[in-house]
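Peer 1:
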Amino acid sequence: VLKGPAPNKDPAILGELRHAVRKCRDAPDVSSVESLFAVGLRRVVQSIERDEAVAVLACSDSVDSALIQHLPVMCSLRSVPFAVLATTPRSLAGSVLSGSGARRGRRAAVAIALLRSAAKCPSLDHFRRRFAATAPQINVPFLLPDDGVPQRPRQSHIVTPGRHREPRLEKSEKDMVSKPEETVECQAEPSRVETGTRSGDPVEVTSTNQGEASHVKGEEVTP
């Protein structure tokens, strides 16, 4: 919000607008200064939608902020300079309306817009260029920047200085690296063979596949 130099004082930009309007009234080729402005919230919105507005001013004193909260977004989408002035609707409308305009009932307005047709008036065109250079930047965080959606850098391309980046392994290679080799021990299960009898007792022979000595229950037998 642009404020005046003291309480109950209009901002300097509003004084510059009044001065430009007075000079424009004296111009011979301008029949009606009021036709160079859109006065009132509805007319301002229409002028923005039709791409006719080149500068938009709104007031904040005795005005509900919900009435004008859509104007910064609309102006930002169309690159139209916008500012909120710490003044009243009556003072804002009176800066551009003459007595005849006030008599038609337009004595107050929460917003006004300078139209493209005002370029034929040198004083208003100078005001437009000065206002565009000094208007505050509109900050609308949910709008995309001009270069599109910002891209995050991919993690695979980030290399910390002083560190060696290990090569990326495939899934099968990762399994080979992470899992130790398994040793499988095969042991032959001993087999029991019952053969013959000795002295009337059964002889139990235990043999292995590794060429070890065979044992007979109760007595060692050489294979």
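Residues 60 to 282 (the numbering used here) make up the sequence shown, in order. Ideal Cβ placement from N, Cα and C applies to all residues, glycine included. Only a predicted model underlies this, so the values are computations on that prediction, with no experimental measurement involved.
Which whole-angstrom value describes the C-beta separation of L183 and A177, a residue pair presumed to lie in contact below a C-beta threshold of 8 Å?
Peer 2: Along the sequence shown, read from residue 1 onward, the residue named residue 183 stands at position 124. Along the sequence shown, read from residue 1 onward, the residue named residue 177 stands at position 118. A Cβ-Cβ distance of about 4 Å is found for the pair L183 and A177, placing them in contact under the 8 Å criterion.
Peer 1: Only counting the same chain, and skipping five residues up and downstream in sequence, which positions put a Cβ closer than 6 Å to that of L95?
Peer 2: As a first step, residue 95 is located in the sequence shown; it is residue number 36 there, counting from the start. Within the same chain, L95 has close Cβ partners L174, S176 and A177.
Peer 1: If I'm right that A172 touches A112 with Cβ under 8 Å, what's the distance once you round it to whole angstroms?
Peer 2: On the sequence shown, residue 172 is found 113 positions in, with the first residue counted as 1. On the sequence shown, residue 112 is found 53 positions in, with the first residue counted as 1. About 4 Å separates the two Cβ atoms, so the contact holds.
Peer 1: May I ask you to list the residues that DSSP assigns as paired with F96?
Peer 2: Reading the sequence shown from its first residue, position 37 is the one you call residue 96. Answer is L173, bridged to F96.
Peer 1: Per DSSP, L156 is paired with what?
Peer 2: Taking the sequence shown and counting its residues from 1, the one referred to as residue 156 is at position 97. Looking at the DSSP assignment, L156 forms no beta bridge with any residue, so it has no partner.
Peer 1: CB A114 to CB R187, shorter than 7 Å?
Peer 2: Sequence index remark: in the sequence shown, residue 114 carries index 55 (1-based). Sequence index remark: in the sequence shown, residue 187 carries index 128 (1-based). It is a contact, given that the beta carbons lie within the stated cut-off.
Peer 1: Note down, in chain order, each residue of its chain lying with its Cβ closer than 7 Å to the Cβ of R257, except the 5 sequence neighbours on either side.
Peer 2: The residue you call residue 257 lines up with position 198 of the sequence shown. Because the pLDDT at R257 is just 47, under 50, the model does not fix this residue reliably, and the value given afterwards should be weighed accordingly. Cβ neighbours of R257 beyond the five flanking positions: none.
Peer 1: DSSP three-state label for V89, please.
Peer 2: As a position in the sequence shown, residue 89 is number 30, starting the count at 1. Of the three classes helix, strand and coil, the one that applies to V89 here is coil, per DSSP.
Peer 1: Using the Cβ count rule (16 or more neighbours within 10 Å means buried), how would you classify L66?
Peer 2: Counting from one through the sequence shown, the residue named residue 66 turns up at place 7. Reading the sequence as shown, one finds Pro at residue 66 and not Leu. Result: exposed.
Peer 1: Alpha carbon to alpha carbon, what distance is there between L61 and A117?
Peer 2: Locating residue 117 in the sequence shown gives position 58, counting from the first residue. Locating residue 61 in the sequence shown gives position 2, counting from the first residue. Each residue's Cα considered, the two are about 10 Å apart.
Peer 1: Assuming S154 contacts V103 under a Cβ cut-off of 8 Å, what Cβ separation, rounded to an integer in Å, is found between them?
Peer 2: Counting from one through the sequence shown, the residue named residue 154 turns up at place 95. Counting from one through the sequence shown, the residue named residue 103 turns up at place 44. The pair is not a contact, with the Cβ atoms about 14 Å apart (cut-off 8 Å).
Peer 1: Can you list, in chain order, the residues of its chain whose CB lies under 8 Å from that of H185, leaving out five sequence neighbours each side?
Peer 2: The count along the sequence shown starts at 1 and reaches residue 185 at position 126. Counting only Cβ-Cβ distances below 8 Å, and skipping sequence neighbours, we find A79.
Peer 1: Return the bridge partner residues of C118 from the DSSP annotation.
Peer 2: On the sequence shown, residue 118 is found 59 positions in, with the first residue counted as 1. The partner list for C118 (beta bridge, DSSP) reads L144.
Peer 1: When the Cα atoms are used, what is the spatial distance from L73 to A170?
Peer 2: Locating residue 73 in the sequence shown gives position 14, counting from the first residue. Locating residue 170 in the sequence shown gives position 111, counting from the first residue. Cα to Cα, the separation comes out at about 12 Å.
Peer 1: First and last residue of the alpha helix (DSSP H) that includes A79?
Peer 2: For the purposes of this step, residue 79 is taken as residue 20 along the sequence shown, with counting starting at 1. Segment A71 to R84, the alpha helix (DSSP H) holding A79.
Peer 1: Is it true that the CB of F190 sits closer than 7 Å to the CB of P140?
Peer 2: Against the sequence shown, residue 140 aligns to sequence position 81. Against the sequence shown, residue 190 aligns to sequence position 131. Cβ atoms of P140 and F190: closer than 7 Å.
Peer 1: When the Cα atoms are used, what is the spatial distance from S124 to C83?
Peer 2: As a first step, residue 124 must be located in the sequence shown, where it is residue number 65. As a first step, residue 83 must be located in the sequence shown, where it is residue number 24. The straight-line gap from Cα to Cα measures roughly 32 Å.
Peer 1: Can you tell me the Cα-Cα spacing of L126 and R101, whole angstroms?
Peer 2: In the sequence shown, residue 126 corresponds to position 67, counting from 1. In the sequence shown, residue 101 corresponds to position 42, counting from 1. Approximately 11 Å, taken between the alpha carbons.
Peer 1: For the alpha helix (DSSP H) that C134 lies in, which residues bound it at each end?
Peer 2: If you number the sequence shown from 1, residue 134 lands on position 75. That run of the alpha helix (DSSP H) goes L130 to L136.
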